[in-house]
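Just so you know, the sequence shown maps onto residues 0 to 408 in numbering that gives the first Met the number 0. Here a beta-carbon is modelled for each residue, glycine too, at the ideal position from N, C-alpha and C. Take a look at the structure below.
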Amino acid sequence: MQFNTQLLHGKSIAKNPSREMLPPISQVTAYQYESMEELEKVFQHKSMGYAYTRIGNPTLTSFEQRISELEGGSGAVCCSSGMAAISAAILAVCESGDEIIARSGLYGGTIDLLHDLEKLGIHTVFTKEMTGEALKPLINEKTKLIFAEFISNPALQVLDIPSVSKIAHENGIPLFVDSTTTTPFIAKPLSLGADVVIHSTSKYLNGGGNSIGGVIVDGGKFAWNTDKHKALSEFKKYGKAAFIVRLRTDIWENLGGCMAPVNAFLTCIGLDTLGLRMERICDNADKLARALNQLKGIEVSYLTLDNHPYHDYVDRELNGYGGGILTFRAGSKERAFKIINSLKYVMIASNIGDIRTLVIHPASTLYIRTEKEEREAAGVYEDTIRVSVGIENIEDLTEDFIKAVSESE
Numbered sequence: 000m001q002f003n004t005q006l007l008h009g010k011s012i013a014k015n016p017s018r019e020m021l022p023p024i025s026q027v028t029a030y031q032y033e034s035m036e037e038l039e040k041v042f043q044h045k046s047m048g049y050a051y052t053r054i055g056n057p058t059l060t061s062f063e064q065r066i067s068e069l070e071g072g073s074g075a076v077c078c079s080s081g082m083a084a085i086s087a088a089i090l091a092v093c094e095s096g097d098e099i100i101a102r103s104g105l106y107g108g109t110i111d112l113l114h115d116l117e118k119l120g121i122h123t124v125f126t127k128e129m130t131g132e133a134l135k136p137l138i139n140e141k142t143k144l145i146f147a148e149f150i151s152n153p154a155l156q157v158l159d160i161p162s163v164s165k166i167a168h169e170n171g172i173p174l175f176v177d178s179t180t181t182t183p184f185i186a187k188p189l190s191l192g193a194d195v196v197i198h199s200t201s202k203y204l205n206g207g208g209n210s211i212g213g214v215i216v217d218g219g220k221f222a223w224n225t226d227k228h229k230a231l232s233e234f235k236k237y238g239k240a241a242f243i244v245r246l247r248t249d250i251w252e253n254l255g256g257c258m259a260p261v262n263a264f265l266t267c268i269g270l271d272t273l274g275l276r277m278e279r280i281c282d283n284a285d286k287l288a289r290a291l292n293q294l295k296g297i298e299v300s301y302l303t304l305d306n307h308p309y310h311d312y313v314d315r316e317l318n319g320y321g322g323g324i325l326t327f328r329a330g331s332k333e334r335a336f337k338i339i340n341s342l343k344y345v346m347i348a349s350n351i352g353d354i355r356t357l358v359i360h361p362a363s364t365l366y367i368r369t370e371k372e373e374r375e376a377a378g379v380y381e382d383t384i385r386v387s388v389g390i391e392n393i394e395d396l397t398e399d400f401i402k403a404v405s406e407s408e
């Protein structure tokens, strides 16, 4: 079954008893039962059912099953935001005294989170080089997790998943990959060796800019060693499902980071057109990057350009696509602002993955709390402009950007 057909007719597309073509929105707080015995069994996990939306909801289940199937996972948990998903995934495997190895150049919010986790005794070792060889000297008995973005935003560094996962697994360490900027349309990290995939569903999965959410997909293949991962010690009996069981029954339920049912519904609608949107977005981004690359006075970064340091990964891991984000350096902050303010068909906004083309100056917004060294590791300089390319007619986008850049000189 091809991707777009799977989106609409996959095994996880539920056949609803009342025959709705879309998953119904179960916008309720709790669910009633005929007897206390029935409800008791649900709370004991001895019977399938829903009790309270914070710990389970049919609309959320519909979305979780769909994204798990698309990623090739064994199960998924959806959260209130992408940052809630990253936080929950980390806290499910790490506790005080543990270490994380993370790639420098992460999204600014993730960097801030990892710094905040220091207060809980969870230390992060950042590395510019995220390869198997670069990881070897960084791994020690405290290392419980390796975390990276598949295509980093906005640095556009691509993770060598096969190489990194090999070293990680040799040391009994799971690899968690944030695949927000790729989506399962471009590539499926679990098939390349990752153990857990995380998305901010607010971006490409939704596509319409109308809901906030996040999701964690477990590959279900990592052999959790509960002697090494003490946080999972009470879940040893679940074997390879230890992570997702702890994630759902301890972290997700107790921290209360559930996705709103209406947001799950809106994201399910977004999934229906994911393949069509991503194909158009990637094609537009490639054409816009090539047009901008012809201009003097700016420095363009996009994966399909021959001079990009990660260009080889486009065919190796990304099925020929470069994603929907490009950046360019304008020479100064003042010129960057002038270019941004001159665009007619582009919205100034802090999101990515929308059907509309969005633009932002990251240094003065998303990375405003981040130290200069960390900003630059993320490809963010005072003159950097980030573009999240949409589905508009490329002729209009190209003309708009060329005019704005030319008139800013």
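Anticipated Cβ contact below 8 Å, S199 with T179, distance rounded
Here residue 199 refers to the residue found at position 200 when the sequence shown is read from its first residue. Here residue 179 refers to the residue found at position 180 when the sequence shown is read from its first residue. At roughly 5 Å, the Cβ-Cβ gap stays under 8 Å, so S199 and T179 are in contact.
Identify every run of the beta strand (DSSP E) within the segment 138 to 163, keeping only runs that are complete inside it and at least 3 residues long; order them along the chain.
142 to 148
Provide the residue span of the alpha helix (DSSP H) that contains C281, from first to last.
Locating residue 281 in the sequence shown gives position 282, where the first residue counts as 1. Taken as a continuous stretch (DSSP letters only), the alpha helix (DSSP H) holding C281 covers 273 to 291.
Compute the distance between the beta-carbons of I197 and V76, then report whether it is under 8 Å.
As a working note, residue 197 is residue 198 in the sequence shown. As a working note, residue 76 is residue 77 in the sequence shown. Cβ atoms of I197 and V76: not closer than 8 Å.
What's the gap between the Cα of N262 and the Cα of M0?
Looking up residue 262 in the sequence shown gives position 263. Looking up residue 0 in the sequence shown gives position 1. Straight through space, the alpha carbons of M0 and N262 are spaced by roughly 27 Å.
Curious, which full-length beta strand (DSSP E) runs of at least 3 residues does the segment 179 to 245 contain?
Listed in chain order, they are 195 to 199, 213 to 217.
Confirm, please, whether the CB-CB distance from I145 to I121 is below 8 Å.
For the purposes of this step, residue 121 is taken as the residue at position 122 of the sequence shown. For the purposes of this step, residue 145 is taken as the residue at position 146 of the sequence shown. No, Cβ-Cβ distance for I121 and I145 is not below 8 Å.
Is the CB-CB distance between I413 and L174 below 8 Å?
With the chain covering only 0 through 408, there is no way to say anything about residue 413.
DSSP beta-bridge partners of H122:
Within the sequence shown, the letter at position 123 stands for residue 122. Answer is E98, bridged to H122.
Going by CA-CA distance only, name the one from A154, I89, P23 that's closest to W251.
Taking the first residue of the sequence shown as position 1, residue 251 is located at position 252. Comparing Cα-Cα distances from W251 to each of A154, I89, P23, the minimum goes to I89.
Tell me, please, which residues DSSP counts as bridged to F264.
Position 265 of the sequence shown holds residue 264. None, per the DSSP bridge assignment.
For S341, which of G274, D399, A259, A329 has the nearest alpha-carbon?
Looking up residue 341 in the sequence shown gives position 342. Among G274, D399, A259, A329, the Cα nearest to that of S341 is on D399.
Looking only at its own chain, which residues have a Cβ that is under 7 Å from the Cβ of I354, when we skip the five neighbours before and after it?
One-based indexing of the sequence shown puts residue 354 at position 355. For I354, where only same-chain residues beyond five positions count, the Cβ hits under 7 Å are G206, G207, R276, G389, I390.
So the alpha helix (DSSP H) V313 belongs to, where does it begin and stop?
What you label residue 313 is simply residue 314 of the sequence shown in a count that begins at 1. 312 to 315 is the extent of the alpha helix (DSSP H) around V313.
Taking Cβ positions only, does M47 come closer than 8 Å to chain C?
Among the chains of the structure shown, chain C does not appear; only one protein chain is present.
Quick check on T123: buried or exposed, where buried means 16 or more other Cβ atoms within 10 Å of its Cβ?
Position 124 of the sequence shown, counted from the start, is the residue given in the question as residue 123. Buried is the call here.
When DSSP builds the beta bridges, which residues end up paired with C257?
In the sequence shown, counting from the first residue as 1, residue 257 sits at position 258. DSSP, once it has assigned bridges, lists C78 as partnering C257.
Does the Cβ of T383 have 16 or more other Cβ atoms within 10 Å, making it buried, or fewer, making it exposed?
Here residue 383 is taken as the residue at index 384 of the sequence shown, counted from 1. Counting Cβ neighbours within 10 Å, T383 comes out buried, since at least 16 surround it.
Exposed or buried, what is P153 when buried is set at 16 or more other beta-carbons lying within 10 Å of its beta-carbon?
Stepping through the sequence shown from its first residue, residue 153 is reached at position 154. P153 comes out buried.
Would you list the one or two residues that DSSP bridges to E68?
For this step, residue 68 is matched to residue 69 along the sequence shown. E68 is not bridged to any residue.
Where does the unbroken alpha helix (DSSP H) through E373 begin, and where does it stop?
If you number the sequence shown from 1, residue 373 lands on position 374. Unbroken alpha helix (DSSP H) run through E373: 371 to 376.
Tell me whether the beta-carbon of F149 lies closer than 8 Å to the beta-carbon of D177.
Translated into positions along the sequence shown, residue 149 becomes position 150. Translated into positions along the sequence shown, residue 177 becomes position 178. Closer than 8 Å, so yes.
Is it buried or exposed for A222, if we count other Cβ within 10 angstroms and need 16 for buried?
Looking up residue 222 in the sequence shown gives position 223. A222 is exposed by the Cβ-count criterion.
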